[in-house]
Amino acid sequence: MKLSARANRIQPSATLAITAKEKALKAQGIDVVGFGAGEPDFDSPDYVKEAAVEAIKKGYTKYTAVGGIDQLKDAIIERMKLDYGLEYQKPELIVSCGAKHTLFNLTQAIIDSGDEVIIPAPYWVSYPEQVILAEGKPVILETREEDGFRIDPAELKKLITPKTKALVLNYPSNPTGVTYSEDELRAIVDVAMAAGITIISDEIYDKIIYDGKKHTPVASLGEDVKKATILVNGTSKTYAMTGWRIGFAAGDKGVVKAMGDMQGQSTSNPTSISQWAAVSAYASPQDLIVQRTAEFEKRKTYIVDRLNSIPGIKCVSPSGAFYAFPNVSAFYGKSHNGKTVNSSLDFTEFLLEEAKVAVVPGDSFGSDAHVRLSFATSMENIVKGMDRIEETVAKLA
Ligand code: PMP
Ligand code: GLU
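Next comes the structure, spelled out in structure tokens:
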């Protein structure tokens, strides 16, 4: 059957593809060490599961308001107030089926054909594709490894044109782990504000932050900045709830309404049971989250040290999220068993075949010099995977 031009323009999600490949190999009994999946290995908290069971028992299994139940909106509003002093009202909030869906609705709601959206690279795989699906044009803002992949406000300014509609910010970043101090953020935001563009701020890793750093939401930089920003977050990463599919956006009422209209004609409400589980996630004490972040930090220190101890690999230490993004380009041009590694995809295939280790090629994040390793996996797996990588890359000559 003939596909639409839109379907032909889109790339499959590389992160999900690697995760599927990893699972398929494991199902065949192959001992693969997976660094692919961008999801916490921890279980969803017990109190979250109990809230879901309770919701089922109470019969909360019917359609809900399209943009989410009031109880969940209240819990999110309270969380943002407690954590960041941010004040939102219910009409400024919409709950969707994961932050990916939130971002999809958002791009569909604000981007017109030909609108430019500035996306800092390395970027999470879905941003450019979603902009393309909305008939917009992704404009890539390159960052440099030497600067810790930080956005240079002067470089950002150079990319702004009369067609620029929005800037995507994602910090802590997937895949680089870069995050920003309040001053650094302000310098970036000032450029966007002067140009009058919308700031899409994906802060889904806000709670997974290291080295004693503090997360500053864009919207907390002032009332005018808050007005220009659509804040995106969700339960997937913070509460290890990737399968429940709950994400949300907070910002301009008109945009939120349009996103709700899109949702009302596509998915309708996010799953009723998941919404009740999310109420519990946001309203319960947050101690478990702090403990888990401490565990991620131990793994980060270990994996980054191990990567940097391998000749040919260079890895910037991430300040947040749970990814290491090492530069492996020193191996390009080298061979083993008649096969030459010339790209991040080749390197990924080489590791999978020779070491039975799954990583994601940097190419899909806009940087072919790198690969991504998720350290949201057990320390045991990390040690085993790193031993294998160390031994295997030494074969490249
Ligand atoms: N934004 C970023 C940066 C991510 O890494 C992810 C993870 N998949 C998402 C959004 C979407 O998360 P979800 O749809 O599971 O809420
Ligand atoms: N965001 C996660 C990742 O980057 C999960 C997969 C996805 O949704 O892309 O691996």
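Each residue of the sequence shown is one higher than the one before, starting from 852 at the first, in this note's numbering.
Virtual Cβ for every residue (Gly too), placed ideally from N, Cα, C.
Quick caveat, the model's predicted, so the values are computed rather than measured.
Residue i classed as buried or exposed, judged by whether at least 16 other C-beta atoms fall within 10 angstroms
i     : result
L933  : exposed
Y1053 : Going by the sequence as given, residue 1053 is Asp instead of Tyr. D1053 should be labelled buried.
R995  : exposed
V1210 : buried
N859  : exposed
I920  : buried
Q1116 : exposed
K1072 : It is worth fixing the name first, because residue 1072 is Leu in this sequence and not Lys. The residue is buried, with at least 16 neighbouring Cβ atoms inside 10 Å.
K924  : buried
R797  : Because the chain spans 852 through 1248 in this model, residue 797 falls outside it and cannot be assessed.
N1188 : exposed
P896  : buried
D1103 : buried
K951  : buried
V1141 : exposed
M1113 : buried
P1121 : buried
I1154 : buried
L1036 : buried
E943  : buried
T870  : buried
A1070 : buried
D1219 : buried
beta-carbon residue i near ligand 1 non-hydrogen atom, thresh 6 angstroms
i     : result
D1053 : yes
S1299 : Residue 1299 is absent from the model: the chain starts at 852 and stops at 1248.
N1025 : yes
T958  : no
N1021 : yes
V864  : For the sequence presented, residue 864 should be read as Ser rather than Val. False, no ligand heavy atom lies under 6 angstroms from that Cβ.
W1127 : no
A1101 : no
A950  : yes
S1087 : yes
G1098 : yes
Closest residue to residue i among the options (Cα-Cα distance)
i     : options                    : result
A903  : D1138, I1124, A1005        : I1124
T1086 : G1098, T1080, E901         : G1098
A1046 : I1240, V968, F1182         : V968
A1175 : P1068, A888, V1042, D894   : A888
A1181 : T1012, K1190, I1161, F1216 : I1161
A1227 : V884, K872, S855           : V884
V1076 : K1185, T1049, E873, I945   : T1049
D892  : K1190, K1016, K1088        : K1088
G1213 : A1206, M1113, L1224, E1204 : L1224
S1170 : A960, V1019, Y1061         : Y1061
F1216 : L992, S1135, R1239         : L992
V1208 : A1220, D1238, M1230, K1185 : D1238
V1042 : K1065, R930, I1011, E1200  : I1011
Y1090 : I1055, D1103, A868, A1100  : I1055
A985  : D882, A868, G965           : G965
V1179 : C1166, K1064, F1173        : C1166
K1016 : A1079, A1070, F1000, S977  : A1079
T1152 : M1230, M1110, S1131, A1134 : M1230
R930  : A878, T1122, S947, A1134   : A1134
K1246 : E1204, A856, L876, V1222   : E1204
G1163 : E1241, G1105, W1127        : E1241
A1100 : R1157, S864, L957, D1034   : L957
T1199 : Q862, T866, D894           : T866
I1081 : D1034, T953, Y1183         : T953
Whole-number beta carbon distance between residue j and residue i, since they are thought to touch under 8 angstroms
i     : j     : result
R1150 : I1233 : 6 angstroms
D1057 : N1025 : Their Cβ separation, rounded to whole angstroms, is 12 angstroms, which puts D1057 and N1025 out of contact at 8 angstroms.
T1030 : E890  : Between E890 and T1030 the Cβ distance is about 20 angstroms, and since that is not below 8 angstroms, they are no contact.
P971  : V982  : The Cβ separation is near 13 angstroms, so there is no contact.
P1068 : L937  : 6 angstroms
A1172 : G999  : Not really, about 13 angstroms apart at Cβ, beyond 8 angstroms.
A1128 : K1185 : The Cβ separation is near 48 angstroms, so there is no contact.
Residue i: CB within 6 angstroms of a non-hydrogen atom of ligand 2
i     : result
S1215 : no
L1224 : no
G1094 : no
S947  : no
L867  : yes
S1195 : no
S1218 : no
G889  : yes
Residue i Cβ short of 6 angstroms to ligand 4 heavy atom set
i    : result
G949 : Ligands present in the displayed structure are limited to ligand 1 and ligand 2, and ligand 4 is not among them.
- If you scan the stretch 1149 to 1190 from start to end, which runs of the beta strand (DSSP E) of 3 or more residues do you find wholly inside it? 1185 to 1187
- Message: Extract the residue ranges of the alpha helix (DSSP H) inside the stretch 1036 to 1089, only unbroken runs of 4 or more that lie entirely within it.
- Response: 1074 to 1079
- What residue ranges within the stretch 1208 to 1233 form continuous beta strand (DSSP E) runs of no fewer than 3 residues, ordered along the chain? 1222 to 1225
- Inside the stretch 956 to 1032 only - beta strand (DSSP E) runs reaching at least 3 residues: 967 to 972, 988 to 993, 1015 to 1021
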